[in-house]
Structures are given as C-alpha cells and as structure tokens.
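Participant: This structure is in structure tokens; I'll ask about it shortly.
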Amino acid sequence: MLTVYSEKQLLHHPPKEMVIGRFIDYRETPSRAETIIKAIRDRNVGDVVAPVDRGLAPILAVHTEKYVSYFQTAYEKWIEIGGNPDGVFPDTFAVRLSQIYQDISDGGAGGRPGFFSYDMTAIIAKDTYTAAYEAAQVATTGAEILASEKRRAVFALCRPPGHHSSEDLAGGYCFFNNAGIAAEHLIKHHGFGNVVILDIDYHHGNGTQAIFYKRRNPMYASIHGDPDYPYFWGRAEETGEGEGKGANVNVPLPIGTGDDEYLAALDALIANHIVPYGIQALVVSLGVDTFGGDPVGSFNLTSACFERIGERLARIGVPTLFVMEGGYAVSEIGTNVTNVLLAFERAAGSQ
Ligand SMILES: [Zn+2]
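If you count by this note's numbering, then the sequence shown holds residues 2 to 352, one letter each, in order.
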C-alpha cells in the first residue's frame with residue numbers, strides 16, 4: 002500500500018498540555034509519526050511519497066476563511082502581545098451555541114484563540130500552522146492518488162490529527178480536518194457519491210460530524226468510547242439533520258471494551274449502515290488509541306485485533322483511503338497501524 006508522508010508534519014511540537022488540572026508533556030508528539038513511518042519501512046508496507054502542494058483550496062472547501070486566516074497569524078500575534086512562546090492557549094471560550102456573543106474573529110490576539118477553539122489541547126506553537134497545512138496536503142494527495150490512479154487503498158500518514166476540528170474550531174489536538182478534506186476532494190473532484198468516513202479512533206470525531214451533519218454525502222460513522230472526551234457529542238441519537246438525516250451513525254461503546262465486543266460492533270455497523278448506504282469509497286479515520294495500552298484511550302483492544310479490523314475494512318470492497326488520527330502508545334503505534342494496513346492488503350488481495 003502506498004503511503005503519503007511529509008516530515009514537515011513533525012515541526013508541530015508544543016511542550017505541555019493540561020490534563021485534569023496538571024501540566025504534562027504533550028502527548029500528541031512528533032515521535033508518533035516517526036514511529037509509524039519507521040514501521041511502514043521496516044515491514045515493507047509499500048512505497049512512501051511526498052504530498053503535492055495544492056494550496057489552500059482543499060482546506061477552504063471544509064474550513065472557513067476567517068478560521069484559516071486566524072490560524073495563519075495566531076502564533077505571531079500571540080508573541081506580539083507577550084504570550085507564552087510555548088504556544089497559544091485560549092483563556093476564554095465564546096461558547097457560541099448557547100450564548101449571545103460578539104464576533105471577534107478579526108479582534109485581538111488575547112480573545113481570538115477562545116473564539117476559534119473549544120478546548121486547550123489544540124495548542125498553536127511556532128510551526129503548528131506549517132505542520133497542519135502539510136497534513137491537509139498529505140490527506141488531499143492521498144485522495145487524489147486513490148482516485149486518479151484507481152488504487153485499492155492509500156495511507157495518508159497525517160499529523161497533527163484532524164477529526165476533532167470543525168469548519169472553524171480547533172480542539173482535541175486537531176486543527177484541519179484531514180479526513181473531511183480528503184472526503185470532500187473525492188466528492189468534488191472525482192465525483193464520488195456515497196462516500197463513508199468511518200471513524201475508528203477511540204474518540205468520537207465531533208469535528209467531522211459537525212462539518213457533514215446536514216449532508217447525505219459523505220456519511221459519517223463512528224465507534225468510540227463513552228463516556229469520554231469529547232464528552233458532549235457522539236450519542237446514538239445524533240443521526241444527522243435535513244438531507245443528512247440517517248447519514249450520521251454513532252456507536253458508543255463502554256470503557257474497557259475488548260476485541261470481541263469491538264469487532265461485533267464493527268460488523269454490525271458495516272452490515273446495517275455502511276453497505277445499505279451504497280458505499281462507493283471509504284475514508285477511514287484511523288486512530289489506534291483503542292489499543293489496551295493507550296495512555297489516552299480506555300478500550301482494551303490487542304495488537305492482533307487491528308489485523309481483524311483491517312480484514313473487515315477490506316471486505317467492504319471499495320477504494321479506501323486511510324487517514325491517520327490518534328494513538329498515543331508510541332512504542333506500539335507502529336505495529337498497530339501497520340497491522341491494520343497489512344491485513345487489509347492481504348484480505349483485499351485474496352478477494
Ligand atoms: Zn483519539
């Protein structure tokens with residue numbers, strides 16, 4: 002399987018984040034991507050290519066201009082007002098859905114971070130924009146190669162991850178919604194109907210859900226831990242609105258879920274929703290923080306289970322783009338990701 006990857010994605014490196022009131026080392030580290038790319042090479046998953054820079058157009062197909070222009074200068078303006086050089090930390094959130102608020106999207110560097118984010122984990126450090134921009138190009142290039150070369154599958158090794166960012170909000174280590182950008186590219190530039198974004202990260206992809214909630218194409222489907230971050234989204238009752246009614250499927254599973262229960266839930270999701278939808282292309286939000294040893298997620302999957310997941314995804318039988326999301330057990334992340342990809346290839350090859 003071809004991998005798209007760029008080392009520029011390693012430039013994003015905030016030192017600390019706050020977790021239950023304490024500053025700890027930032028868990029979404031560059032070593033995550035470095036470990037994955039090493040495993041891709043060591044296990045001969047396939048060739049690795051650099052992304053093609055398609056500019057801001059694919060990003061602006063999903064995110065607002067105001068959000069993108071904020072992000073481009075957020076760090077610089079933060080430094081101008083004497084902000085901590087470690088990165089931009091919002092201190093006041095606009096809580097836009099429930100309150101009257103003032104649109105300060107063009108306003109001061111002190112307030113803007115809280116206008117364009119909903120938590121304190123998407124820290125904009127010196128080179129964060131460069132890394133996130135590159136991740137969006139990795140995703141777009143993966144989608145382009147998948148469609149134009151009519152490949153069976155491509156892996157977009159994106160970092161930072163994307164599924165928690167909406168059209169104009171950063172959160173959960175995410176800035177640009179790489180999977181959403183890729184899905185939109187498949188739909189707008191290659192005419193795919195019935196694309197499914199299947200989110201198998203431990204966490205609900207509230208950003209992806211928000212972006213496509215009122216659309217029929219793509220469908221968003223997620224299996225995730227509940228109750229857990231992002232806390233306020235991911236219930237089974239969230240099924241989409243308007244034209245999108247029925248094209249948003251959430252499968253929350255309890256903390257501690259193991260291989261058998263997880264695979265049964267995945268089988269049911271594929272059989273009851275993804276196949277009946279008439280899927281033509283699959284974008285997998287590939288998080289491996291479902292692994293039992295993960296310091297952020299609280300499922301209990303084994304490394305072998307990732308092979309079973311890869312086989313099931315292959316059996317869906319459509320062009321598939323894997324987009325890297327979470328996974329924080331760095332010593333096992335390479336094995337777990339390549340277990341999915343290699344098992345997919347074996348199963349796809351034997352079809
Ligand atoms: Zn996650």
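In this text, a Cβ means the ideal position worked out from N, Cα and C, and glycines have one as well. Quantities reported herein were computed from a predicted structural model and do not represent experimental measurements.
Taking just the CA atoms, how far does L199 sit from E239?
Facilitator: 15 Å
Participant: Between P277 and chain B, is any beta-carbon pair separated by less than 7 Å?
Facilitator: Of the chains in the structure shown, none is chain B; there is only one protein chain.
Participant: Which whole-angstrom value describes the C-beta separation of D229 and H204, a residue pair presumed to lie in contact below a C-beta threshold of 8 Å?
Facilitator: 7 Å
Participant: Please go through the same chain and pick out, in chain order, the residues whose beta-carbon is closer than 6 Å to the beta-carbon of G311, but skip the five residues on each side of it.
Facilitator: For G311, the CB contacts under 6 Å within the same chain, skipping 5 residues up- and downstream, are V341, A344 and F345 in chain order.
Participant: Can you give, in chain order, each stretch of the alpha helix (DSSP H) that sits fully within the stretch 63 to 99 and has at least 4 residues?
Facilitator: 66 to 81
Participant: What are the start and end residues of the alpha helix (DSSP H) that includes N179?
Facilitator: N179 to H191
Participant: Report all residues for which the CB-ligand distance to some heavy atom of ligand 1 is below 5 Å; order them along the chain.
Facilitator: D202, Y203, H204, G288, D290 and G327
Participant: Tell me whether the beta-carbon of L322 lies closer than 7 Å to the beta-carbon of L147.
Facilitator: yes
Participant: Determine whether the beta carbon atoms of A95 and G109 lie at a separation below 7 Å.
Facilitator: no
Participant: I'd like to check one pair, S118 with A171: are the Cβ atoms closer than 7 Å?
Facilitator: yes
Participant: To the nearest angstrom, how far is the alpha carbon of A305 from that of L187?
Facilitator: Approximately 31 Å, taken between the alpha carbons.
Participant: Per DSSP, what are the beta-bridge partners of V284 in this structure?
Facilitator: I198 and L322
Participant: What is the rounded straight-line gap between the Cα of I124 and the Cα of G208?
Facilitator: For I124 and G208, the distance between alpha carbons rounds to 16 Å.
Participant: What are the partner residues of E408, as DSSP defines its beta bridges?
Facilitator: The first residue shown for the chain is 2 and the last is 352, placing residue 408 beyond what the model contains.
Participant: DSSP state of S149, grouped into three classes?
Facilitator: helix
Participant: For A34 and L11, which I take to be in contact (beta-carbon distance under 8 Å), what is that distance rounded to the nearest angstrom?
Facilitator: 6 Å
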